[in-house]
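Right, one structure below, let's go through it.
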Amino acid sequence: MIETRELTRVFGKTTAVDRLSIQIEAGSIFGIVGPRGAGKTTLMRMLATLLPPSRGDALVGGASIRRRTVYVRRLVGYLPDVSGVYPDMTVGEYMAFFAACYGVPANDRTALTNDLLALVDLSHRANESVDKLSRGMRQRLALARALVHDPQVLLLDDAAAGLDPRARVELRELLKELRSMNKTIVVTSRSLAELEDLCTHIGIMESGHMLAAGESALIRARLHPHRIIGVKFFGDADMAINHARTGQGVVDVRLAASHSAGKGDADNTPAGIGNPEDEAVVAALHALKEMHIVFAGDYRDATELLRHLMRAGVQVVSFSEQTDSLEQILTGLNEPDHMNAK
Amino acid sequence: MAKPILGINPLMVKELRGYMRGTRAYAVLTVYMGIISGITILLYTGVSLANPASGVSNSSQVGSALFYVMVGLQIVLVSFVAPAFTVGAISSERERHTFGLLKVTLLSPGQIVWGKLIPVLGYVLLLGLATTPLFSLAFILGGVEPAQFAVALCVILASAALFTTLGVFVSSRAHDTLSATVITYAIVVGIVVGLAVLTVLGLPALTELTGRAGASGAVPALTALFVALISLSPVGALVTSELNFANSGHLLTLTIGPFAASPTPIVLPAPFVILTVCYLTASAILIWLATRAVRDDV
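Residue numbers (numbering that gives the first Met the number 0), protein chains in the order written: chain R, 0 to 341; chain F, 0 to 297.
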């Protein structure tokens with residue numbers, strides 16, 4: 000559905016996007032992850048035909064973003080990182096205005112607006128001023144606006160930025176629903192965790208380059224050849240580590256640094272705590288230990304490992320997969336083994 | 000297929016609704032009508048009291064005075080009120096983060112500029128039309144010929160076109176509405192006030208120069224240049240055109256000379272003709288430049 004060919008954008012002496020060549024399949028959700036300044040927004044703006052490439056080209060639905068701008072605009076719905084509204088308009092008027100700008104016939108606009116507002120759960124706000132909507136609601140309205148001409152491709156630039164957790168969950172559900180309508184969705188974020196479960200494909204971008212791109216599972220396997228499972232527990236650390244090492248799929252076990260340093264150290268109690276209840280809480284926290292298990296198994300194996308630890312008498316408090324920070328991922332991708340992914 | 004730029008587009012409709020929905024449009028209209036009506040009453044009363052003998056002569060004096068005051072106010076209106084509606088046309092879209100949203104729709108850059116410009120021109124026209132009953136009062140009292148009205152109308156409409164497009168153009172280039180406002184009004188003041196001051200100061204000096212015996216051969220060219228310069232001021236063009244019409248009876252041409260160095264008089268287009276042609280041409284260029292700015296804005 001989308002193909003970029005040596006796509007490049009230069010601003011003065013800065014190359015924001017550098018000879019980028021990727022393919023995005025129709026019906027997929029392609030997540031682009033990268034730090035600030037990676038070139039994500041520039042790429043999205045070029046695909047939305049807002050920014051002409053300095054070199055190279057991109058095809059959207061087979062049409063060049065350079066030569067067939069109007070055709071591409073019909074295919075693409077664009078949600079920028081900051082989506083503005085007209086404060087003097089109601090929600091319904093806002094939708095009807097953009098429908099008109101996309102050439103939707105006047106007779107169809109009301110029904111279309113109602114359908115889209117229902118999709119983003121804003122029907123009850125149709126007659127309210129756009130100015131009165133919360134940030135999450137505005138983002139949903141912006142998404143509805145991007146869908147007003149029934150585009151085949153949705154470009155969502157950092158769509159979840161600034162949203163509260165509930166609004167993020169709602170947005171994710173909405174995107175899944177849109178995917179079920181066979182839309183091709185390209186979404187950017189600075190957080191891999193935000194996109195990992197949502198996207199069918201992931202691209203990691205830095206300094207204008209796509210360091211790695213492909214199916215989410217493959218990228219995940221490439222980024223995390225071994226999962227790191229964090230286990231917090233009470234009791235004997237040596238015993239817990241020894242039992243964990245005998246679990247299926249376990250490669251290595253380490254005691255977390257912060258806990259190993261304070262292991263059994265009663266003198267670490269902060270001064271000034273006199274309340275017995277507080278002291279009990281602090282003592283419990285000090286008794287809590289954490290180990291990191293380098294794990295090569297899948298999620299079923301992880302379930303089995305948890306059972307194994309419980310059966311062995313380890314008092315497990317929490318058992319969760321650790322997520323690498325973007326910096327860790329980028330450091331890993333810049334190592335020689337990963338450079339061929341460019 | 001390219002869409003016609005000049006037709007009605009959704010942005011134009013939105014802007015028109017926006018102007019007429021809020022209180023600002025009605026407030027400006029009310030204040031403007033109040034000022035003009037107040038000045039008209041004061042003027043009428045003042046002239047009547049100064050010339051207690053009633054009659055046709057007195058009536059025509061009042062009518063003529065009313066006409067020129069109202070024309071002057073209309074020029075002030077189009078010069079200073081019209082740009083206020085357009086200086087934020089594009090820059091406010093950028094500030095609201097809606098400019099990109101507009102650009103990715105099927106509206107062309109030309110339609111965006113036109114969609115911003117026409118509603119303001121329409122509103123300024125509405126302000127002008129609202130004062131029509133007061134103009135008719137001047138005609139009833141007499142002292143004003145249709146040709147004088149035609150000259151005034153050309154100057155006002157051409158000024159409206161230039162100053163609204165100037166606002167849109169500066170707005171399309173400026174980073175924010177505040178800087179667009181400062182730049183636009185600096186240019187408007189330069190054109191309206193600066194050239195009017197030049198007219199007032201330069202005309203007596205030039206009259207003396209042209210009348211002096213043995214003046215150099217450069218005088219005719221200097222005079223023509225001066226006429227061209229004051230023709231670019233709405234006030235200058237209006238005053239010189241009306242004076243020329245009253246003195247010579249020629250509406251469309253202005254004859255200067257003969258000079259000592261050049262016995263053949265020089266015939267120029269009347270100042271209001273120069274102004275109308277120059278302003279409309281400049282407006283077209285500004286629209287074209289604003290369209291390019293919208294297209295190339297990244």
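Just so you know, even glycine gets a beta-carbon here, dropped at the ideal spot from N, CA and C.
If you follow the beta strand (DSSP E) that residue i is in, where does it begin and where does it stop?
i: Gln314/R; result: Gln314 to Glu320
i: His307/R; result: Unbroken run through His307/R is the alpha helix (DSSP H), Tyr298 to Arg310; no beta strand (DSSP E).
i: Ser188/R; result: Thr183 to Ser188
i: Leu253/F; result: Thr252 to Ile255
i: Asp17/R; result: Thr13 to Leu19
i: Val75/R; result: Val75 to Leu78
i: Val59/R; result: Arg54 to Val59
i: Arg93/F; result: Arg93/F -> not in any beta strand (DSSP E); alpha helix (DSSP H) instead, spanning Ser90 to Glu94.
i: Val230/R; result: Arg226 to Phe233
i: Thr3/R; result: Ile1 to Phe10
Can you tell which of the options has its C-alpha closest to the C-alpha of residue i?
i: Glu92/R; options: Val192/F, Val188/F and Arg16/F; result: Arg16/F
i: Met69/F; options: Glu92/F, Thr44/F, Ile35/F and Pro264/F; result: Ile35/F
i: Val250/R; options: Ala166/R, Arg4/R, Ile228/R and Arg67/R; result: Ile228/R
i: Asn8/F; options: Ala185/F, Leu106/F and Leu228/F; result: Leu106/F
i: Phe84/F; options: Val167/F, Gly21/F and Leu65/F; result: Val167/F
i: Cys153/F; options: Tyr31/F, Phe271/F and Arg23/F; result: Phe271/F
i: Asp87/R; options: Gly21/F, Ala179/F and Leu285/F; result: Gly21/F
i: Leu156/F; options: Leu126/F, Glu144/F and Leu177/F; result: Leu126/F
i: Val226/F; options: Gly141/F, Thr198/F and Ala159/F; result: Thr198/F
i: Ser232/F; options: Ala195/F, Ser240/F, Thr222/F and Ala223/F; result: Ala195/F
i: Thr183/R; options: Ala37/R, Ala25/R and Gly11/R; result: Ala25/R
i: Thr68/R; options: Leu46/R, Val84/R and Val152/R; result: Leu46/R
i: Asp157/R; options: Ala239/R, Tyr298/R, Tyr77/R and Ala243/R; result: Tyr77/R
i: Ala269/F; options: Val238/F, Arg291/F, Leu120/F and Gly33/F; result: Val238/F
i: Ala212/R; options: Thr14/R, Gly33/R, Ala15/R and Phe10/R; result: Gly33/R
i: Gly135/R; options: Ser206/R, Gly83/R, Thr245/R and Val313/R; result: Gly83/R
i: Ile265/F; options: Tyr18/F, Gly235/F, His249/F and Pro219/F; result: Pro219/F
i: Thr180/F; options: Val192/F, Met19/F and Phe162/F; result: Phe162/F
i: Glu14/F; options: Ile89/F, Val234/F, Thr104/F and Ala289/F; result: Ile89/F
i: Arg35/R; options: Leu146/R, Leu19/R, Phe29/R and Ala15/R; result: Ala15/R
With a cut-off of 8 Å on the beta carbons, I'd call residue i and residue j a contact; round off their distance for me.
i: Leu274/F; j: Ser247/F; result: Actually they are not in contact, since the Cβ atoms of Leu274/F and Ser247/F sit about 18 Å apart, beyond 8 Å.
i: Leu170/R; j: Leu177/R; result: 10 Å between Cβ atoms; not a contact.
i: Glu289/R; j: Val230/R; result: 7 Å
i: Ser178/F; j: Val293/F; result: With 8 Å as the limit, Ser178/F and Val293/F do not qualify as a contact, their Cβ atoms being about 17 Å apart.
i: Ser215/R; j: Ile201/R; result: 5 Å
i: Gln22/R; j: Glu2/R; result: 5 Å
i: His225/R; j: Phe318/R; result: Not really, about 16 Å apart at Cβ, beyond 8 Å.
i: Val103/F; j: Thr109/R; result: At roughly 23 Å, the Cβ-Cβ gap does not stay under 8 Å, so Val103/F and Thr109/R are not in contact.
i: Met309/R; j: Val315/R; result: 6 Å
Taking the beta carbon of residue i as the centre, do at least 16 other beta carbons fall within 10 Å, making it buried, or is it exposed?
i: Ala270/R; result: Reliability fails at Ala270/R, whose pLDDT of 47 lies under 50, so the model's placement of it is uncertain and the value that follows must be treated cautiously. Exposed, because fewer than 16 other Cβ atoms sit within 10 Å of the Cβ of Ala270/R.
i: Ser259/R; result: Residue placement at Ser259/R is flagged as unreliable, the pLDDT there being 45, under the threshold of 50; the coordinate-derived value follows with that caveat. By the 10 Å Cβ count, Ser259/R comes out exposed.
i: Thr280/F; result: exposed
i: Gln321/R; result: exposed
i: Tyr303/F; result: A question about residue 303/F goes unanswered here, because the residues of chain F that appear run from 0 up to 297.
i: Ala283/F; result: exposed
i: Gly87/F; result: buried
i: Ala212/F; result: With a pLDDT of 47 at Ala212/F, under the threshold of 50, the modelled position of that residue is not reliable, and no figure is offered here.
i: Gly6/F; result: exposed
i: Pro132/F; result: exposed
i: Met338/R; result: Confidence at Met338/R is low in this model, with a pLDDT of 42, below 50, so the placement of that residue is unreliable and no value is reported for it.
i: Gly263/R; result: Note that Gly263/R scores a pLDDT of 44, beneath 50, so its modelled location is shaky and nothing firm can be said.
i: Leu128/F; result: exposed
i: Leu101/F; result: buried
i: Pro150/R; result: buried
i: Leu200/F; result: exposed
i: Thr40/R; result: buried
i: Glu193/R; result: buried
i: Phe97/R; result: buried
i: Tyr298/R; result: exposed
i: Thr222/F; result: buried
Between which two residues does the alpha helix (DSSP H) containing residue i stretch?
i: Glu14/F; result: Pro9 to Arg20
i: Val250/R; result: Note, Val250/R: premise wrong, no alpha helix (DSSP H); beta strand (DSSP E) at Val249 to Leu254.
i: His242/R; result: Ala236 to Arg244
i: Arg44/R; result: Lys39 to Leu46
i: Ile111/F; result: Pro108 to Ala129
i: Phe98/F; result: Phe98 to Lys102
i: Leu105/F; result: It is not in any alpha helix (DSSP H) - Leu105/F carries neither H nor E in the DSSP assignment.
Sorry if obvious, but does the Cβ on residue i come closer than 7 Å to a heavy atom of the ligand HEM?
i: Thr275/F; result: Judged by which ligands are present, the structure shown has none, so any question about the ligand HEM falls away.
Alpha helix (DSSP H) runs contained entirely in the segment 135-180 of chain F, provided each spans 4 or more residues
Taken in chain order, the whole alpha helix (DSSP H) runs of length 4 or more contained in the segment 135-180 of chain F are 145-172.
Kindly provide the ranges of any alpha helix (DSSP H) runs that are 4 or more residues long and lie completely inside the segment 80-164 of chain R, ordered along the chain.
The segment 80-164 of chain R contains these whole alpha helix (DSSP H) runs: 90-100, 105-118 and 134-145.
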